[in-house]
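Worksheet: one structure, shown below.
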Amino acid sequence: MIGSALPAERVPFYKRLYIWSVIFEPLLLFVLFEASAIGIGGNVSRLLQGITCMVLLTRLVIRLLGSRATVTIPNLAHPVFRYYTLMFVLAIVAGVIGYARGAFDLPGKYVPIGQVSAFSSALNSAAVRPIFEYITAAYYFVYFVILPRYLLTSRAAVDYAFLWFRRMFVVCLVAGWIDVAAGFAHINLIPRHLSDWSIVGEGRFHGIAGEPREAFVYLFLGLAMLHLMSFWEHRRMDRRWFYVVIPAAIMTKSTTGLVGVALFVGIYGLYSMRTMTLSRMVQLVAGLAVVSAVAYTAVVKTQRVMAYFQAASGLWYILEHNMDLPYLMSKSNSDIYPMYDLTVKARAGDWLPVIIGSGFGSASAVSNRYYRDVSTLNNPHSQLARSLYETGLVGTVLYVMAFIGPVAWATRGLSRTLRREFIMLATLMIGCSLADRSSAPFIYLGMFWAAFRIMGRETEATIQSAPAAVTP
967 MIGSALPAER VPFYKRLYIW SVIFEPLLLF VLFEASAIGI GGNVSRLLQG
1017 ITCMVLLTRL VIRLLGSRAT VTIPNLAHPV FRYYTLMFVL AIVAGVIGYA
1067 RGAFDLPGKY VPIGQVSAFS SALNSAAVRP IFEYITAAYY FVYFVILPRY
1117 LLTSRAAVDY AFLWFRRMFV VCLVAGWIDV AAGFAHINLI PRHLSDWSIV
1167 GEGRFHGIAG EPREAFVYLF LGLAMLHLMS FWEHRRMDRR WFYVVIPAAI
1217 MTKSTTGLVG VALFVGIYGL YSMRTMTLSR MVQLVAGLAV VSAVAYTAVV
1267 KTQRVMAYFQ AASGLWYILE HNMDLPYLMS KSNSDIYPMY DLTVKARAGD
1317 WLPVIIGSGF GSASAVSNRY YRDVSTLNNP HSQLARSLYE TGLVGTVLYV
1367 MAFIGPVAWA TRGLSRTLRR EFIMLATLMI GCSLADRSSA PFIYLGMFWA
1417 AFRIMGRETE ATIQSAPAAV TP
């Protein structure tokens, strides 16, 4: 059981610091200051990440100064890392080509407003922001996926991470349901962020995960982590978690969440089709029918979601005639304009950016060109829109496989049912995060690989310690 190994082997402070920085990453209630201050939002997780990076850098320098210092460099061609590495290389190539083709050009002079520091203005400038996007893409993968290989190296460390993730997940669920209940009495208990204390809306679940759309992704990250935790503890997952989490996801009333579920069904169907039997295909079609019925009910019965669909009904005509977006659609202009621009390029026969994209940061630039606003550089909320525009169809496939491929590879020795559960939950999470950009897939993959590495070593040690067979 989790927690039984903790007294026997204490987890070093710097590892606990790292674990808490990861746990707090998706808990966006704890945003302490907005991006206008220093160019990036300041939440508890990022403060802990900064301290963790300084501690780890100090330890690395001390180690390098030692007489017998050795530093292990990860093999980026490893099955766990190779898809993301290929996607990143493609993004560099696409960025160079996109720059030459004017993908990062902005109309007029870029004059950032609402910035309270020179550093923030410089970081969000048209010249610097694309470079920063490449640094961010590399950082997320290194910090959340590669570092666990070096820090979560013992069963006690993974136990500690699982123990506190589960506790914080329960806190989010309990706080969220209390907030929903209070909302029916017109009482708003939990804000979106601590930094602005803005109200989310009565009766919408979000817990301590920020916006409802962000809470939607976090809820399914929690399910995937609980499933991984159960495997780690050599037991079946308690199905009662689904009866708590799925209603909470429905109560987010998130249109983005519905899109995420639709993406999950499509991705999982395409991925499974190559090995799908007739019976599994029937099950998938039945599941698709159920999901479609639930989605339709959510659209019809939820006034907020219905309003979005009605606002989107004339969207194509508005875009084609260069008209201003309706109010509800204008909130998603950074998602809409990149996708529309891709269709314009495809109709004109300009297939190169459709296939390989235009590089990180180009999606925000194209939104500004259509929106005719050069006072801010906003990235799409949708990872799908961003990935399609910045890395094209090829890069989007690589991005999806960067999180499904390692899970499929590492679970190839498990039973068919258990392997399918892992792949399905990983796909569900990547589908939701494609609808709303999130660090959840990175967090899960890092924990998944750390746990499987340790279990693999334990299995190998057990085999080696077994007595040799005696032959007559």
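Using this note's numbering, the first residue of the sequence shown is number 967, and each one after it goes up by one. The beta-carbon is built from N, C-alpha and C at its ideal position, and this holds for glycine as well. Computed from a prediction, not measured in an experiment: that's the story for all the values here.
Check	Outcome
Val1055 and Gly1412 closer than 8 Å at C-beta	no
Contact check, Phe1131 vs Met1191, beta carbons under 8 Å	yes
Endpoints, the beta strand (DSSP E) within which Leu1185 is located	That residue, Leu1185, is in no beta strand (DSSP E); its alpha helix (DSSP H) goes 1178 to 1198.
Host beta strand (DSSP E) of Phe999 (start-end)	997 to 999
Residue(s) in a DSSP beta bridge with Asn1009	Val997
4 or more residues per run - each alpha helix (DSSP H) lying fully within the stretch 1357 to 1427	1382 to 1401
Entirely enclosed alpha helix (DSSP H) segments - the stretch 1138 to 1169, minimum 4 residues	none
Residue nearest to Ala1255 in terms of C-alpha spacing, selected from Gly1232, Gly1371, Met1239	Gly1232
Cα-Cα separation, Thr1051 to Leu1354	17 Å
Assigned secondary structure, Gly1323 (DSSP; H/G/I helix, E/B strand, else coil)	coil
Inter-residue spacing [alpha-carbon to alpha-carbon] between Arg1313 and Asp1307	10 Å
Residue range of the alpha helix (DSSP H) that includes Val1111	No alpha helix (DSSP H) contains Val1111, which DSSP labels as neither H nor E.
Candidates Thr1357, Arg1205, Asp1301: closest to Asn1334 by CA position	Asp1301
Ala1147 to Ser1164 span [Cα, whole Å]	18 Å
Tyr1184, buried or exposed, once every other Cβ within 10 Å from all chains shown has been counted against 16	buried
Whole-number beta carbon distance between Ala1374 and Ile1389, since they are thought to touch under 8 Å	6 Å
Status (buried if at least 16 other CB within 10 Å, exposed otherwise) for Ile1322	buried
Beta-carbon gap between Leu939 and Tyr1410 smaller than 8 Å	Nothing can be reported for residue 939, as the shown portion of the chain is limited to 967 through 1438.
Simplified DSSP assignment, three categories, for Val1027	helix
Validate contact between the stretch 1121 to 1136 and the stretch 982 to 995 using beta carbons, cut 8 Å, 3 pairs	yes
Closest residue to Arg1419 among Ile1216, Arg1067, Tyr1049, Thr1119 (Cα-Cα distance)	Thr1119
Supposed close pair Pro992, Ser1405 - CB separation, criterion 8 Å	6 Å
Asn1288 versus Ala1122 - alpha carbon distance	58 Å
Proximity of Thr1357 and Ala1060 at Cβ, strictly below 8 Å	yes
Helix, strand or coil at Leu1042 according to DSSP, with G and I counted as helix	coil
Ile1028 versus Tyr1100: straight-line alpha-carbon distance, rounded	29 Å
Cut-off 6 Å between Cβ atoms - residues of its own chain near Glu1424, not counting five sequence neighbours on either side	none
Tyr1109 versus Leu1380: straight-line alpha-carbon distance, rounded	28 Å
Where the alpha helix (DSSP H) through Asp1307 begins and ends	1299 to 1313
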